[in-house]
Amino acid sequence: MNLLLATLAAPLATAGLGALPGPRRPKEVVLVSGLATTFALAIATAGRFLAGETPVAFDGALRVDGLSALVLVLTAFVGLLSGLYAVGYLERNERAGFVSAKRRTELLALVPAYLAALLLVAVSNNLGILWIAVEATTLASVFLVAFHNRDTSLEAAWKFLVLGSVGLAFALLGTVLLFASGQGVLGEEMSALDWTRLIAHASALHPFSVKLAVVFLMIGYGTKAGLAPMHTWKPDAYREAPSPAGVLMAVGMMNCSVYAILRVHLVSKAVLGPEFSERLLLGLGLASVLVATPFILIQWNLKRLLAYSSIEHVGIMAIGFGLGGETAVLGALLHMTYHTFAKPVAFFSAGTLAQLHRSSDFEEIGGGTLGRTPVASGLLLLATLMVTGSPPFGLFWSEMTILKAGFFGPQLAVVAVFLAALVLLFCGFFYQVGRLTLGPDTKPKERAVLPERLDLAMGTTLVAAAVAVVSAFYLPDSLVALVRAAVRVVVSA
Amino acid sequence: MIHDFVILCAAGMLVSVFLMVGQKALVVAIRLYGVQSLLLGAVGIALGLAQHRPHLLVTASLTIVLKAVLIPWFLLRVIDRVGIRREIEPYVNVPASLLLCLGLTVVGYRVSLGMAGASQGIAHQVVGVALSMVLIGLFLMVTRRKAITQIIALLTVENAVFLVAVGATSGMPLVVELGISFDVILAVLVLGVLVHRIVDRFESMDTSRLSNLRG
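Taken in sequence, the protein lines are chains A and B.
For the first sequence, the working numbering begins at 2 and goes up steadily by one.
For the second sequence, the working numbering begins at 1168 and goes up steadily by one.
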């Protein structure tokens, strides 16, 4: 069987089995082994690519080049972490009596289904398939946002779905316009929406239609990526989604929507020259970084804090791609890679902290958590060092690479503002987490705190932290090769 | 001849959106959406017959079955169950809304002028109607409060996109079109389920009550 199709089928089968009724243990084993298989298959697919093949399926509608291979492996990695954490998460919640068996089935089915849709995004070579896959990710994740069925979760789910649907309607309009621009040149077959063909026939496309299409597509997929000003669903959804789903949104969804944006960027570059979409990306990226700054400074909830940090990071990537040039693109793709390693640690430790305190609001958790839940708080501090881009961790190097490229380029003013915002964000994030973990003990007296235990969720967090720390000093050669191949895809077109 | 018919139907769709803006009864809005989808289907069938494109006939009949019949039926059932009939006073009152929408139509047409000279002669007119519908749909979304109105506005935007697909191209590839239709149906079902849950919790489907999450 085609290796690429197997990679997509594995999480789908896991989701199908997860939806069946049954006792807990076997279903959990199925989930974890299914996601581990998916990760192994994704690595194997990327390995095929590194060996010089280009894995394809369905007449080239699915195709793995350097960029796809990188996003595929990173997303499957997060999927595995999310699955492991989900098992621990359910165990904790069921002990506390928060989650019924029905909800458990929901989580066990939706997490792998969400992952399957994300992986389909990563390997699509066709704008139509891409749209269908992104819409599928939205539909798979909306009930994850509404998971706890509180007033606030319904509000978040409604915003998430309505805003996401508007974004996707825009993306669909862009897709149709791009299809229209190639009429008479590319024909009416499915393959008229393949980027490989769109880029190959760039000079024959109708430029105005392409321009209009690029704007709609960027806004549309930018909504899913959480670029400002289309980011407003993100803080709500992150706060309400259970942590295993949150990490898939924060890393998997973000990587995949950045992938979609990049594909649009490449078509735009081939047809209209680099300036048009680079300006657009630079504007959206800078807006995101600037919007995140004040909200991090005044934040009142731990998970919303992580959401604004996500908005910041997607903005940084957009700025990197918007600056263009090999160094900046390398920085942006490294940023995606390191962010994939660092963010799960932040999500899992924050999730544990919130679960033990039964709230993610700063006021209800109270300061000085290091004394009450030392392991989770310590891990959160470590994660803070990583996601704020402190040396020696990876995100510091990727940010430096982007800044370096920027300072040697023509967009000096943009880079200066960007740097100032980065410094403020660093201080703001540290201030918030420092107050929470290190400050004086201000826990409200009436609130009880559950004791920490070394369960599967905590174990997953420790493993994720170890991977993230090691990644700062050592990346496997094959991963570096994938990043380099992805850079070539983005730069060469 | 065939082009005149297509443009007539497209104009009819634009009129249906203006009528939506102009009144507050939810049932009427849903029926208007049904009529709009029927016109979209008619465009598809006319072009499919005139240009001998069987796959356009398939997607046009799909549009009529799903969007002119099934989705309106489903939405009518939802409002019947939750027992809410009228939109309360919108954020912007009706006469002002109509004037603003007129302005949005001008914007939509102005942008579409750049499409003149694209593959087919009527492309820019159809794109003009579609862009206006997109803008008015978004306007409806931000100024109306009921969850159902927001769903209808979303579906109107989606119809506008299909109008471009049928009118300005010769129809999207069948696989893509089927995938999109499937996703849209699923989205409507999910939205319906959410409306139920929201009404259960808040005893209202007024989305302005969904305002606990800020900052």
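Yeah, the Cβ is synthetic: ideal placement off N, Cα and C, and Gly gets one too.
Close beta carbons around residue i, own chain, < 6 Å, minus the five adjacent residues each side
i	result
residue 495 of chain A	Look at the range of chain A in this structure, 2 to 494, and you will see that residue 495 of chain A is not part of it.
residue 20 of chain A	110
residue 1303 of chain B	1184, 1268, 1271
residue 1286 of chain B	In this prediction, residue 1286 of chain B scores a pLDDT of 46, lower than 50, which makes its location untrustworthy; no coordinate-derived value is stated.
residue 293 of chain A	309, 312, 313
residue 38 of chain A	11
residue 1376 of chain B	1369
residue 286 of chain A	316, 319, 320, 323
residue 487 of chain A	67, 68, 71, 334
is_contact[residue i, chain C] using C-beta, thresh 8 Å
i	result
residue 159 of chain A	The structure shown contains no chain C; its protein chains are A and B.
Proximal residues of chain A, C-beta to C-beta of residue i below 9 Å
i	result
residue 1190 of chain B	Those do not exist, as residue 1190 of chain B stays about 22 Å from chain A at its closest Cβ, beyond 9 Å.
residue 1368 of chain B	150, 151, 152, 155
residue 1282 of chain B	178, 181, 207, 209, 210, 213
Span of the alpha helix (DSSP H), counted from its first residue to its last, around residue i
i	result
residue 118 of chain A	102-124
residue 196 of chain A	196-201
residue 1368 of chain B	1341-1369
residue 478 of chain A	478-493
residue 28 of chain A	25-51
residue 524 of chain A	Since the first residue of chain A shown is 2 and the last is 494, residue 524 of chain A is not available in this structure.
residue 1326 of chain B	1314-1334
residue 188 of chain A	Element bounds for residue 188 of chain A: n/a, residue is neither H nor E.
residue 90 of chain A	67-96
residue 337 of chain A	327-358
residue 432 of chain A	413-438
residue 1229 of chain B	1221-1230
residue 452 of chain A	Where residue 452 of chain A is concerned, there is no enclosing alpha helix (DSSP H), given that its DSSP letter is neither H nor E.
residue 318 of chain A	303-324
residue 1247 of chain B	1238-1249
residue 1300 of chain B	1290-1310
8 Å CB neighbourhood of residue i in its chain, flanking five on each side removed
i	result
residue 158 of chain A	143, 144, 146, 147, 238, 241
residue 377 of chain A	350, 353, 354, 357, 370, 453, 459, 462
residue 450 of chain A	357, 358, 373, 374, 444
residue 427 of chain A	389, 390, 391
Neighbouring residues, chain B, relative to residue i (Cβ below 9 Å)
i	result
residue 132 of chain A	1343, 1346, 1347, 1350
residue 129 of chain A	1339, 1340, 1342, 1343, 1344, 1346, 1347
residue 162 of chain A	1354, 1357, 1358, 1361
Cβ shell of residue i (< 7 Å), same chain only, five flanking positions each side left out
i	result
residue 126 of chain A	61, 62, 63, 64, 195, 196, 197
residue 88 of chain A	29, 32, 33, 457
residue 484 of chain A	71, 334, 335, 338
residue 1278 of chain B	1298
residue 368 of chain A	436, 437, 440, 441, 442, 443
residue 404 of chain A	416, 420
residue 134 of chain A	118, 121, 122, 125
residue 490 of chain A	66, 67, 68
residue 208 of chain A	272, 273
residue 1352 of chain B	1233
residue 1197 of chain B	1239, 1242, 1243, 1319
Chain-ordered neighbours of residue i on chain A, where CB pairs are closer than 8 Å
i	result
residue 1328 of chain B	170, 173, 174, 177
residue 1256 of chain B	Correct list: empty, because the minimum Cβ distance to chain A is about 21 Å.
residue 1272 of chain B	The contacting residues do not exist; residue 1272 of chain B stays about 17 Å from chain A at best.
residue 1364 of chain B	147, 150, 155
residue 1377 of chain B	155, 156, 159, 160
residue 1173 of chain B	Near residue 1173 of chain B there are no residues of chain A at all, since even the closest Cβ is about 15 Å away, more than 8 Å.
Contact list for residue i against chain B, beta-carbon separation under 7 Å
i	result
residue 442 of chain A	Chain B residues near residue 442 of chain A: none, gap ~25 Å exceeds 7 Å.
residue 137 of chain A	1350
residue 166 of chain A	1321, 1354
Contacts of residue i in chain B (Cβ-Cβ under 8 Å)
i	result
residue 143 of chain A	1357, 1361
residue 140 of chain A	1350, 1353, 1354, 1357
Amino acids of chain A, ordered along the chain, whose beta-carbon sits closer than 7 Å to that of residue i
i	result
residue 1317 of chain B	163
residue 1335 of chain B	181
residue 1332 of chain B	177
residue 1194 of chain B	The contacting residues do not exist; residue 1194 of chain B stays about 21 Å from chain A at best.
(Q) To be precise: take each residue of the segment 266-291 of chain A, compare its Cβ to all Cβ atoms of chain B, and keep it if any distance is under 9 Å. Which residues remain? (A) With the criterion set as a beta carbon lying under 9 Å from some beta carbon of chain B, the segment 266-291 of chain A has no members that meet it.
**Q.** Where the segment 1286-1311 of chain B meets chain A: residues whose CB sits under 9 Å from a CB there
**A.** So the close ones are 1286, 1287, 1290, 1294, 1297, 1298, 1301, 1304, 1305, 1308.
Q) Given a limit of 8 Å on CB to CB distance, which residues of the segment 1212-1233 of chain B reach chain A? A) Across the segment 1212-1233 of chain B, no CB contact with chain A closer than 8 Å is found for any residue.
Q: Identify every run of the alpha helix (DSSP H) within the segment 220-300 of chain A, keeping only runs that are complete inside it and at least 4 residues long; order them along the chain.
A: Correct list: 234-241, 244-248, 255-273, 275-298.
Q. Can you list, in chain order, the residues of the segment 180-201 of chain A whose Cβ is nearer than 8 Å to any Cβ on chain B?
A. So the list reads 180, 181, 182, 184, 185, 189, 190, 191, 193, 194, given in the order they occur along the chain.
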